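Since the structure comes first, as structure tokens, the remarks are kept for the end.
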Amino acid sequence: MNPIVRSGATARAGALLVLLGPLVSWGAEFITAAAWQDPPYSPLYNWVATSA
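If you're matching positions, the sequence shown starts at 36 in the numbering used here and goes up one per residue.
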């Protein structure tokens with residue numbers, strides 16, 4: 036049976052992907068916020084969209 040835990044380059048690549056995913060997502064949020072002018076949008080303030 037193969038072990039679930041990986042070591043070496045495979046483990047480093049997996050850890051990099053796990054850490055890189057959220058960073059790419061937040062980068063996209065800030066790019067969207069910079070382009071979204073009306074109504075003003077801030078990803079650090081507008082966690083949930085509400086219609087008012």
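In this text, a Cβ means the ideal position worked out from N, Cα and C, and glycines have one as well.
Just so it is clear, the structure is predicted and the values come from calculations on it, not from any experiment.
Throw me the rounded Cβ distance for the Pro-78 and Glu-64 pair, which I believe falls under 8 Å.
4 Å between Cβ atoms; contact.
key: Between the CA atoms of Gly-49 and Gly-43 - distance to the nearest angstrom   = Going by the C-alpha atoms only, they are around 10 Å apart.
Original post:
Who are the Cβ neighbours of Val-53 in its own chain at under 8 Å, not counting the five residues just before and after it?
Top reply: Taken in chain order, the list of residues that qualify is empty.
| request: Alpha carbon to alpha carbon, how far is Gln-72 from Val-40? Give it in angstroms, no decimals. | output: Straight-line spacing of the CA atoms in Val-40 and Gln-72 works out to 46 Å.
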